[in-house]
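Asker: Have a look at the structure that comes next, please.
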Amino acid sequence: MGNLKINISNLQLKNPVMTASGTFGYGTEFCDYMDLSKLGGIFVKGTTLHPRQGNDYPRMAETPSGMLNAVGLQNKGVDYFISNIYPNIKDFDTNMIVNVSGSTIEDYVECAARLADLDKIPGIELNISCPNVKEGGMAFGTSACSAGDVTKAVRKVFGKTLIVKLSPNVTDITEIAKAVEAEGADAVSLINTLLGMAIDIRNQKPVLSTVTGGLSGPCVKPIALRMVWQTYNAVKIPVIGMGGISSWEDAIEFILAGSSAIQIGTYNFIDPTISEKVVDGIDNYLKENKIDSIKDLVGALKID
Amino acid sequence: MGNLKINISNLQLKNPVMTASGTFGYGTEFCDYMDLSKLGGIFVKGTTLHPRQGNDYPRMAETPSGMLNAVGLQNKGVDYFISNIYPNIKDFDTNMIVNVSGSTIEDYVECAARLADLDKIPGIELNISCPNVKEGGMAFGTSACSAGDVTKAVRKVFGKTLIVKLSPNVTDITEIAKAVEAEGADAVSLINTLLGMAIDIRNQKPVLSTVTGGLSGPCVKPIALRMVWQTYNAVKIPVIGMGGISSWEDAIEFILAGSSAIQIGTYNFIDPTISEKVVDGIDNYLKENKIDSIKDLVGALKID
Amino acid sequence: MLDFTVKENIQLNQTYFLIKLTPKNGEILTDMEPGQFVEVLVENSPRTFLRRPISVNFVEKDKNLLWLLVQAIGDGTRKMSQYVEGDVVNLLVPLGKGFTISGDAGKKSLLVGGGVGTAPLLYLGYLLKRQGQAPIFLLGARSKSDLTLLNEFEKYGEVFCTTEDGSFGEKGYVTNHSRLNRKDFSMIYTCGPKPMMQAVAKYAKQNKIACEVSLENMMGCGIGTCLCCVEKTSDGHICVCTEGPVFNIEKLTWAI
Amino acid sequence: MLDFTVKENIQLNQTYFLIKLTPKNGEILTDMEPGQFVEVLVENSPRTFLRRPISVNFVEKDKNLLWLLVQAIGDGTRKMSQYVEGDVVNLLVPLGKGFTISGDAGKKSLLVGGGVGTAPLLYLGYLLKRQGQAPIFLLGARSKSDLTLLNEFEKYGEVFCTTEDGSFGEKGYVTNHSRLNRKDFSMIYTCGPKPMMQAVAKYAKQNKIACEVSLENMMGCGIGTCLCCVEKTSDGHICVCTEGPVFNIEKLTWAI
Ligand SMILES: Cc1cc2nc3c(=O)[nH]c(=O)nc-3n(C[C@H](O)[C@H](O)[C@H](O)COP(=O)(O)OP(=O)(O)OC[C@H]3O[C@@H](n4cnc5c(N)ncnc54)[C@H](O)[C@@H]3O)c2cc1C
Ligand SMILES: Cc1cc2nc3c(=O)[nH]c(=O)nc-3n(C[C@H](O)[C@H](O)[C@H](O)COP(=O)(O)OP(=O)(O)OC[C@H]3O[C@@H](n4cnc5c(N)ncnc54)[C@H](O)[C@@H]3O)c2cc1C
Ligand SMILES: Cc1cc2nc3c(=O)[nH]c(=O)nc-3n(C[C@H](O)[C@H](O)[C@H](O)COP(=O)(O)O)c2cc1C
Ligand SMILES: Cc1cc2nc3c(=O)[nH]c(=O)nc-3n(C[C@H](O)[C@H](O)[C@H](O)COP(=O)(O)O)c2cc1C
Ligand code: FES
Ligand code: FES
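Residue numbers (the working numbering), protein chains in the order written: chain W, 951 to 1254; chain Y, 951 to 1254; chain R, -13 to 242; chain E, -13 to 242.
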């Protein structure tokens, strides 16, 4: 499968298939189902400087071809990650990228700085787009200015691959992408979840404890794909595409639209082996279409 | 069904169930399948000052629980509407609202002015949110300033019920809603389609002739519902909710979130009798829950 | 909109299925034109959101049966291929404008079908024969097994075939068939893959024979409201689902 | 992740179905704890996107059969209720942590189930009996017809019942059953509607009896990654799907 290799800045991927933050735990949860070393990378759970209890239950609602979540970045904090989780995952034969969140720029910087010291963490993904936390989170991702600011600050303390994850809840995602590119992001990843809502008509209450939550799954794919294509045409840094990928065909669509790599999120819940299947599917597609390298497919969409 | 009556400004609806522009033709297409007089209203096809050929075929792609369209406001223009279509629909026993689109403010104004003279057209819906036309269209709907401008201009020439239809492709829909409210809109309707995209991986081309198109159907429901709720909490004028409604349960969700009335769009294609069923379903729900009037349900969502 | 009950589902080859349906509550089938179609609501198929257009293949008046010839190529048609007797299927029926049939028994009609595009030609042939004509069928497919319902076609006229692999009839495309050399047709009807229909239309045009084609543009609604199925014609963009699917080639802007 | 073949699907009452499954390719069922669950991939159900959690109802080791007791309440469970012999169903199995079983044969365990919450108690009762215990079942339901599999329960211990309408056993809720007056239990296990479990937990607490409850929080993944199924516990939010679904009531923050 040599032809599946691709780089995201300095990050070398054995293939473009990765798993999305918050949907694949620390990888360990999936060992029983698949071979983690088949993946290009794993984006681990959203990690914050301080531990977070997350939002109250209920945190989930099923929707047509998708789901809403309102987890709210529950995690034990970066120090716990470093001392208790990192040792168990550092030797996985794939790229372990940490997804970093915060409420203030200082939080992001401090969290990134601590992760910078971890040998086997080749990069981080700045989550400036989480719709499920009151302070910060998505607010950073919906203005080009604050998105640029947080990128700039983290860039100073983090020399390895810095990926910034963009929010789809904006009028023009390319503005945000350009702002973070200008401040030194090595790549952008998109999309995070779309802000949505569900109501239980029996008790006339919101289904989620937080009223609104983040929508993901196949339902968002057309929107995500459009944003990837727009962003690919607006920036020079690599784009990592995601949003509703549930098959290798979907992955090819994202790559044609301009994704150098893709992430699979919600669909891991439906088929814990999906990412492996997507790797094989892409490999086959390249062979059948006699394409030498996955690189030739990135952004290869033909427009008359 | 007296308890289903509700007003949108001066517009009296026999019930809150209406059909969405571009998905119900001029109503005539549905006569074979249902009794139009059961509806609160019908929003007819997007109408422009001058005739429009619309975009090239293909204009459609099926997506998970939804579809993309790129019709591009094909219509024969407002004069044709007035002389050839209006006579056939003016006596329908429901509210016939014309959906008005334009590329310039002058277009909107002129089109609205001509419709203002039609006795049996009690209102218009300004479509400032169509993602499928190059000039104007969505551009008006994605900035509070231009949305306000077009509303203001049309308000001057149109005295009957003026509904402004909002685009979901924005960072903060409440800003736009507040702007059009300030300029005299009688109501806002939302959401129009979300900008999306699909790719045919066999020929590596976009499925739609226009590359991107508008996403609609059940897949967008969680997003639409969230925007209705946000907008309901931001403005005082009535909100007409739509986006993915496919059952009476969905309609109740939208009403609880703050919709004084709802529109059914894409689902008319799957079940041409759906709107009738939704009327009956709402009626039943009121009875079963001993709710005197639909008005008591609007925005009645309980938040702890 | 009417519920139908599946009476029979006959597998004709690896992917073709002949589905016979009757209105669930015994309603009498309305008259249908050959070339008209139905919109099938495909239930229990998570990847099939919209209805699926399928041509009227045949109408068995006396048994109140509607025949659909379905090729399973995607999730929707695959689900249809799994229908079993007793299943209930919701249809919008009949939709569109079909082939024009002249009352002139002296006319010599050629009916050219490719693949599953042969579907609407069976009922058309039947009606032509009933008008006193002796229709000629020219049916093409990749291989012998893709030529189905031949015995049915033979009831209504002479049948010529081509296969791409030469496994049945003449080898090659329908437009290469030797029978076309005689050019003795007063009308041509065709349905099948677009390149085939275009080649047939070209032949018709060159030989000044009237020709109707049945288009298979992708449809959103099937009833003229979504404006997604449009074809560019001499009158601009018009809906295939309501103004067609059958068009006289004069109306189309095909570069042939 | 394993494909199973449906061997039998027995309708027990209007909405309850007993589905017996065996691994499709003859794999031997792994050992399961009572109270563990499976995540069912429900295919051909357009409104069912996520898998559905269903408790292990029973494991027939010798026949390599897994039993699921399913109540059809929505699209997903309704689709399961339509499974027929030969259908293939994909499961994640076994998931979660089950009830703790002490090796002490002298223990007197009370197993309290309500509605479909009786499901995990059957296998639990079987295993307790195998340990030498004589478990006591207390099963409650709205009406007689909702009390299913009683003959199975009776194989493993004494069975007491309540129905809300009095159509079988004592009238009322399980927590009103006269057998509870004796308070002679060393352990209580319960599964059912939350109000019922809370009442049982209260009884246990008041009488200082150890008590385990099986929670049915809504699940996104069932394998500990989505963090959607959390319960507030003395250790903060923890995942019901991996740390539970069975919890000792001491761990929960229920206001009882
Ligand atoms: C008027 C009309 C009459 C038809 N009559 C018949 C008939 O009698 N028998 C029959 O088997 N089929 C007929 N078809 C085609 C049939 O509608 C499609 O094969 C079907 O919709 C495919 O659905 P699916 O879910 O199985 O496949 P999908 O998964 O939706 O599609 C499979 C592949 O086919 C392509 N495709 C689907 N529909 C079309 C289309 N209309 N044009 C071009 N490409 C398409 C898709 O892009 C995709 O690549 C007719 C179509 C029309 C418009
Ligand atoms: C660990 C565990 C074990 C379970 N064991 C069994 C079992 O053995 N047998 C059985 O029949 N059921 C069991 N359930 C419940 C079962 O998972 C749900 O009934 C099922 O998911 C409903 O799916 P559906 O598509 O049929 O209904 P849906 O349409 O999804 O839901 C129908 C209604 O039930 C509500 N609902 C669905 N799931 C839950 C839930 N988990 N908690 C509260 N409300 C819910 C929905 O909000 C909706 O109002 C178990 C649940 C869990 C978490
Ligand atoms: C349950 C859940 C938890 C998530 N947690 C995070 C997170 O911690 N950080 C983050 O950046 N994105 C998070 N996401 C977003 C996903 O990483 C991904 O961007 C999104 O789900 C879209 O992809 P998908 O449609 O393939 O799921 C989460 C998504 C889900 C469904
Ligand atoms: C085929 C199609 C054509 C449409 N044309 C118009 C239009 O002309 N004007 C307009 O304001 N909205 C138009 N819409 C948007 C719908 O009115 C509606 O806002 C949207 O589809 C969301 O509702 P739904 O999910 O119920 O379809 C169109 C939608 C579809 C699917
Ligand atoms: S398919 Fe909708 S107009 Fe023809
Ligand atoms: S259901 Fe996903 S963590 Fe428990």
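Virtual Cβ for every residue (Gly too), placed ideally from N, Cα, C.
Quantities reported herein were computed from a predicted structural model and do not represent experimental measurements.
1. With hydrogens ignored, establish whether the beta-carbon of R/Thr134 is closer than 8 Å to any heavy atom of ligand 1.
2. Return yes when at least one heavy atom of ligand 6 lies under 8 Å from the C-beta of E/Phe245, else no.
3. When you compare the CB of Y/Gln1213 with every CB in chain B, is at least one pair closer than 9 Å?
4. Kindly list the residues whose CB is nearer than 7 Å to the CB of R/Gly84, restricted to its own chain and excluding five residues on each side of it in sequence; keep chain order.
5. Given that R/Met(-13) touches chain Y, what residues does it touch there, using C-beta distances under 7 Å?
6. With a cut-off of 8 Å, do at least 3 Cβ pairs link the segment 1149 to 1162 of chain Y to the segment 1170 to 1187 of chain Y?
7. Can you tell me which of R/Lys141, R/Leu51, R/Lys191, R/Cys215 puts its alpha carbon nearest to the alpha carbon of R/Ile14?
8. Just how far apart, CA to CA, sit W/Lys1070 and W/Ser1197?
9. How is the alpha helix (DSSP H) around Y/Leu1065 delimited, first residue to last?
10. Going by DSSP, what residue range makes up the beta strand (DSSP E) through E/Glu13?
11. Mapping DSSP to helix, strand and coil, what is W/Val994?
12. Step through the CB atoms of chain R and report whether any lies within less than 9 Å of the CB of Y/Thr1143.
13. What in chain R is Cβ-close to Y/Asn1019, meaning under 9 Å?
14. Strictly below 7 Å CB to CB, what residues from chain E border R/Asn50?
15. At 4 residues or longer, what runs of the alpha helix (DSSP H) sit wholly inside the segment 44 to 71 of chain E?
16. With H, G and I counted as helix, E and B as strand and the rest as coil, what does DSSP make of E/Phe35?
17. Is there at least one Cβ from chain Y nearer than 9 Å to R/Glu202's Cβ?
18. Please report the straight-line C-alpha distance between R/Leu114 and R/Tyr2, rounded to a whole angstrom.
19. For W/Asp1242 and W/Val1248, I'd like the C-alpha separation in whole angstroms.
20. So, for R/Pro9: in the same chain, excluding its five sequence neighbours on each side, which residues have a beta-carbon less than 6 Å away from its beta-carbon?
21. Just checking: is the beta-carbon of Y/Asp1029 within a distance shorter than 9 Å of some beta-carbon in chain R?
22. Report the three-state DSSP secondary structure of E/Leu135 (helix, strand or coil).
23. Is the CB-CB distance between E/Asn234 and E/Ala196 below 9 Å?
24. Ordered along the chain, which non-local residues of its own chain (more than five positions away) have a Cβ less than 6 Å from that of W/Asn1234?
25. Give me the residue from W/Leu1144, W/Asp1136, W/Gly1098, W/Ala1137 with the minimum Cα distance to W/Ile1126.
26. Check whether the Cβ of W/Thr978 sits closer than 8 Å to any heavy atom of ligand 5, and report yes or no.
27. Roughly how far, in whole angstroms, is the beta-carbon of W/Met1046 from the beta-carbon of W/Val1114, given that I think they are within contact range, below 8 Å?
28. Can you give me the Cβ contacts of E/Cys215 inside the same chain, cut-off strictly under 6 Å, excluding the 5 residues immediately before and after it?
29. Can you pull the chain E residues whose beta carbon is under 9 Å from the beta carbon of R/Asn(-5), in chain order?
30. If you measure from the beta carbon of Y/Thr1121 to each beta carbon in chain R, is any gap under 9 Å?
31. Which residues in chain E have a C-beta closer than 7 Å to the C-beta of W/Glu1311? List them in chain order.
32. Is it the case that the CB of W/Leu1175 approaches a heavy atom of ligand 3 more closely than 8 Å?
33. Take every Cβ of the segment 120 to 133 of chain R, pair it with every Cβ of the segment 152 to 168 of chain R, and state whether three or more of those distances are shorter than 8 Å.
34. Quick one: is the Cβ of Y/Met1192 within less than 8 Å of any heavy atom of ligand 4?
35. Is the closest heavy atom of ligand 2 to the C-beta of Y/Val1021 under 8 Å?
36. Given that a residue counts as buried once 16 or more other Cβ atoms are within 10 Å of its Cβ, and exposed if not, what is R/Val70?
Answerer: In short:
1. Residue numbering aside, residue 134 of chain R sits at position 148 when the third sequence is read from its first letter. No, Cβ of R/Thr134 sits at least 8 Å from all heavy atoms of ligand 1.
2. Given a span of -13 to 242 for chain E in the structure shown, any question on residue 245 of chain E remains unanswerable.
3. Of the chains in the structure shown, none is chain B; the protein chains are W, Y, R and E.
4. Translated into the one-based positions of the third sequence, residue 84 of chain R becomes position 98. Listed in chain order, the non-local C-beta contacts of R/Gly84 below 7 Å within the same chain comprise Glu19, Pro20, Gly21, Gln22, Val232, local neighbours out to five positions each way being set aside.
5. As a working mapping, residue -13 of chain R is identified with position 1 in the third sequence. Within chain Y, the residues near R/Met(-13) are Tyr983, Pro1222, Thr1223.
6. No, the segment 1149 to 1162 of chain Y does not touch the segment 1170 to 1187 of chain Y.
7. Numbered from 1 along the third sequence, position 28 holds the residue referred to as residue 14 of chain R. Measuring from the Cα of R/Ile14, the nearest candidate turns out to be R/Leu51.
8. Against the first sequence, residue 1070 of chain W aligns to sequence position 120. Against the first sequence, residue 1197 of chain W aligns to sequence position 247. Straight-line Cα distance between these residues: approximately 29 Å.
9. In the second sequence, counting from the first residue as 1, residue 1065 of chain Y sits at position 115. Counting along the chain, the alpha helix (DSSP H) containing Y/Leu1065 begins and ends at 1055 to 1066.
10. Position 27 of the fourth sequence, counting from 1, holds the residue named residue 13 of chain E. Counting along the chain, E/Glu13 falls outside any beta strand (DSSP E), and DSSP gives it neither H nor E.
11. Taking the first residue of the first sequence as 1, we reach residue 994 of chain W at position 44. W/Val994 falls in the strand class under three-state DSSP.
12. Here the question's residue 1143 of chain Y lines up with position 193 in the second sequence. Not closer than 9 Å to any Cβ of chain R, the Cβ of Y/Thr1143 fails to qualify, so no.
13. Taking the second sequence and counting its residues from 1, the one referred to as residue 1019 of chain Y is at position 69. In chain order: Gly206, Cys212, Leu213, Cys214.
14. Locating residue 50 of chain R in the third sequence gives position 64, where the first residue counts as 1. Close to R/Asn50, with beta-carbon spacing below 7 Å, lies no residue of chain E; the smallest spacing is near 29 Å.
15. Entirely contained in the segment 44 to 71 of chain E, the alpha helix (DSSP H) runs reaching 4 residues are, in chain order, 61 to 67.
16. Taking the first residue of the fourth sequence as 1, we reach residue 35 of chain E at position 49. Reduced to three states, the DSSP call for E/Phe35 is coil.
17. Taking the third sequence and counting its residues from 1, one reaches residue 202 of chain R at position 216. Output row for R/Glu202: interface = no.
18. The residue given as residue 114 of chain R occupies position 128 in the third sequence. The residue given as residue 2 of chain R occupies position 16 in the third sequence. Each residue's CA atom was taken as its position, placing R/Leu114 and R/Tyr2 some 25 Å apart.
19. The count along the first sequence starts at 1 and reaches residue 1242 of chain W at position 292. The count along the first sequence starts at 1 and reaches residue 1248 of chain W at position 298. Roughly 12 Å separates the two Cα atoms.
20. As a first step, residue 9 of chain R is located in the third sequence; it is residue number 23 there, counting from the start. Correct list, in chain order: Leu(-12), Phe(-10).
21. For the purposes of this step, residue 1029 of chain Y is taken as the residue at position 79 of the second sequence. No, because no Cβ of chain R sits closer than 9 Å to the Cβ of Y/Asp1029.
22. Here residue 135 of chain E refers to the residue found at position 149 of the fourth sequence. If DSSP states are grouped into helix, strand and coil, E/Leu135 belongs with coil.
23. Locating residue 234 of chain E in the fourth sequence gives position 248, counting from the first residue. Locating residue 196 of chain E in the fourth sequence gives position 210, counting from the first residue. Judged by beta-carbon spacing, E/Ala196 lies within the 9 Å limit of E/Asn234, meaning their Cβ atoms are closer than that value.
24. What you label residue 1234 of chain W is simply residue 284 of the first sequence in a count that begins at 1. For W/Asn1234, same chain residues with a beta-carbon under 6 Å away, outside a window of 5 residues either side, do not exist.
25. If you number the first sequence from 1, residue 1126 of chain W lands on position 176. For the options W/Leu1144, W/Asp1136, W/Gly1098, W/Ala1137, the alpha carbon positioned closest to that of W/Ile1126 is the one of W/Gly1098.
26. Your numbering for residue 978 of chain W matches position 28 in the first sequence. For W/Thr978, the shortest C-beta to heavy atom distance toward ligand 5 is 8 Å or greater.
27. Taking the first sequence and counting its residues from 1, the one referred to as residue 1046 of chain W is at position 96. Taking the first sequence and counting its residues from 1, the one referred to as residue 1114 of chain W is at position 164. The pair is not a contact, with the Cβ atoms about 18 Å apart (cut-off 8 Å).
28. Counting from 1 along the fourth sequence, the entry for residue 215 of chain E is found at position 229. Asn203, Met205, Cys225, Val226, Cys227.
29. By 1-based counting over the third sequence, the position of residue -5 of chain R is 9. Simply none; closest approach about 17 Å.
30. Sequence index remark: in the second sequence, residue 1121 of chain Y carries index 171 (1-based). No, Y/Thr1121 lies away from the interface with chain R (no Cβ there is under 9 Å from its Cβ).
31. For chain W, the structure presents residues 951 to 1254; residue 1311 of chain W sits outside this window and is missing.
32. Indexing the first sequence from 1 puts residue 1175 of chain W at position 225. No, the beta carbon of W/Leu1175 sits no closer than 8 Å to any heavy atom of ligand 3.
33. Contact between the segment 120 to 133 of chain R and the segment 152 to 168 of chain R is present, because at least three Cβ pairs lie under 8 Å.
34. By one-based count along the second sequence, residue 1192 of chain Y stands at place 242. Correct: Y/Met1192 has its Cβ closer than 8 Å to ligand 4.
35. The residue you call residue 1021 of chain Y lines up with position 71 of the second sequence. Every heavy atom of ligand 2 is 8 Å or more from the Cβ of Y/Val1021, so no.
36. Translated into the one-based positions of the third sequence, residue 70 of chain R becomes position 84. Classification for R/Val70: exposed.
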